[in-house]
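The structure appears below as structure tokens.
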Amino acid sequence: MSVHRHGGDDCKGACCLRVSGLGVVAEGRTILRSIDLHVHCGQIVALIGPNGAGKSTLFKAILGQQPHTGDIQFERSGGAKTRPLIGYVPQSPAFDRGDPVSVLDLFVSAAGTWPAFLATPKALREKVRGSLARVHGEGLIDQKLGSLSGGELQRVLLALALEPLPHVLMLDEPFSGVDVEGELQLLRLLDELRRRYDLSILLSTHDFSNLADYADKVVLMKETVLKVGAPQEVMDSPEFAAVFHLRLKEEG
Ligand code: ADP
Ligand code: MG
Numbered sequence: 000m001s002v003h004r005h006g007g008d009d010c011k012g013a014c015c016l017r018v019s020g021l022g023v024v025a026e027g028r029t030i031l032r033s034i035d036l037h038v039h040c041g042q043i044v045a046l047i048g049p050n051g052a053g054k055s056t057l058f059k060a061i062l063g064q065q066p067h068t069g070d071i072q073f074e075r076s077g078g079a080k081t082r083p084l085i086g087y088v089p090q091s092p093a094f095d096r097g098d099p100v101s102v103l104d105l106f107v108s109a110a111g112t113w114p115a116f117l118a119t120p121k122a123l124r125e126k127v128r129g130s131l132a133r134v135h136g137e138g139l140i141d142q143k144l145g146s147l148s149g150g151e152l153q154r155v156l157l158a159l160a161l162e163p164l165p166h167v168l169m170l171d172e173p174f175s176g177v178d179v180e181g182e183l184q185l186l187r188l189l190d191e192l193r194r195r196y197d198l199s200i201l202l203s204t205h206d207f208s209n210l211a212d213y214a215d216k217v218v219l220m221k222e223t224v225l226k227v228g229a230p231q232e233v234m235d236s237p238e239f240a241a242v243f244h245l246r247l248k249e250e251g
């Protein structure tokens, strides 16, 4: 286990996701440029920036779903370089209250890609229950998606993203549509998962209220990375003020 809380940016010998010089141009417009980013295993890194800053585009580029320039590497302890297995929780889809699809159905529809799921209905149910147990959501297995609270839905999507267990977990605005108690539960869960599985966690958020409690590192971005550091350091920076406060003044 190599947990690098509050480690520096030197990845030598450590387990690390490293993005170097990443750029995205779409429809002739530069969306992202010269993005450099490190996430050590066991770390939670929070990506912040205004709407349209390119956070979701960066996730898609790392996932390989968005054409980009630059380099994405995952380095294991000891120096072996591989393509990382990435778990992804997309910006929350809203399900209709009357939607008849259950949590079990959702897992079964995704199961086509998991050889381990080619089993009897009973074995499959046990496997899904096991996946949900990772997020303390066993009791949700027969609930309809439309009846879940924001926090419960995030936990179910998180359980899906952990199957199979990834090297890197990415969550796009996991706290939007989740109440204060749900957010704290989700944060405790992410903390538990990163410790248990030595996961690298990269998440985007607009909620800065408890960043300092959970994020090992904060990356402020708008088209490119403007500031990287400890949560308070970034929130106290002129770059943060320029992006969030002065913008308001200009607009107001
Ligand atoms: P964020 O998640 O930080 O709000 P996005 O990554 O969704 O930002 O979007 C960044 C910018 O890129 C926005 O201006 C958006 O309109 C634009 N954009 C995203 N995807 C595409 C695309 N495929 N083609 C053109 N523009 C895009
Ligand atoms: Mg987004």
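Straight run, no breaks: the sequence shown in numbering that gives the first Met the number 0 ends on number 251. Backbone N, C-alpha and C define an ideal beta-carbon position, used for all residues, glycine too.
Short of 7 Å from the beta carbon of threonine 56, and not among the five residues preceding or following it, lie these beta carbons of its own chain, in chain order: Val23, Ile30, Leu31 and Gln65. With fewer than 16 other Cβ atoms inside 10 Å of its own Cβ, aspartate 70 counts as exposed. Of Tyr213, Leu46 and Leu103, the smallest CA-CA separation from glutamine 184 is found for Tyr213. CA-CA distance, leucine 202 to proline 99, rounds to 30 Å. When the five nearest sequence neighbours on each side are left out, the beta carbons in the same chain lying within less than 6 Å of the beta carbon of alanine 52 are those of Met220 and Lys221, in order along the chain. Rounded to whole angstroms, the Cβ separation of glutamine 90 and aspartate 206 is 14 Å, and the two are not in contact under 8 Å. Counting only beta-carbon distances shorter than 7 Å to the non-hydrogen atoms of ligand 2, the qualifying residues in chain order are Lys54, Ser55, Gln90, Asp171, Glu172 and Ser203. At a Cβ-Cβ threshold of 8 Å, histidine 67 and serine 199 do not count as neighbours. In the DSSP assignment, lysine 143 falls outside any alpha helix (DSSP H), carrying neither H nor E.
Checking the DSSP bridge columns, you'll see glycine 228 partnered with Val217. Here the stretch 145-161 makes contact with the stretch 177-194; the two share three or more CB pairs at distances below 8 Å. Buried is the label assigned to threonine 204, since at least 16 other Cβ atoms lie within 10 Å of its Cβ.
Nearest neighbour of glycine 228 by Cα position, chosen from Leu210, Phe243 and His244, turns out to be Leu210. Scanning Arg28, His37 and Gly41 for the CA closest to the CA of arginine 194 turns up Gly41.
Around the C-beta of leucine 84, fewer than 16 other C-beta atoms lie within 10 Å, and the residue is accordingly described as exposed. The C-alpha of phenylalanine 73 is placed about 20 Å away from the C-alpha of valine 224. Just measuring C-alpha positions, the residue of Gly138, His37, Val102 and Pro92 sitting nearest glycine 176 is Pro92. DSSP places serine 203 in the uninterrupted beta strand (DSSP E) bounded by 199-203. Cβ-Cβ distances below 8 Å link glycine 20 to Ser33, Ile34, Asp35, Thr68, Gly69 and Asp70 in the same chain, with the five nearest sequence neighbours on each side left out; the list follows chain order. For ligand 1, no non-hydrogen atom lies closer than 7 Å to the CB of glutamate 238. Going by DSSP, threonine 29 is part of the beta strand (DSSP E) stretching over 28-39.
A Cβ-Cβ separation of about 6 Å places valine 102 in contact with glutamine 142 under the 8 Å criterion.
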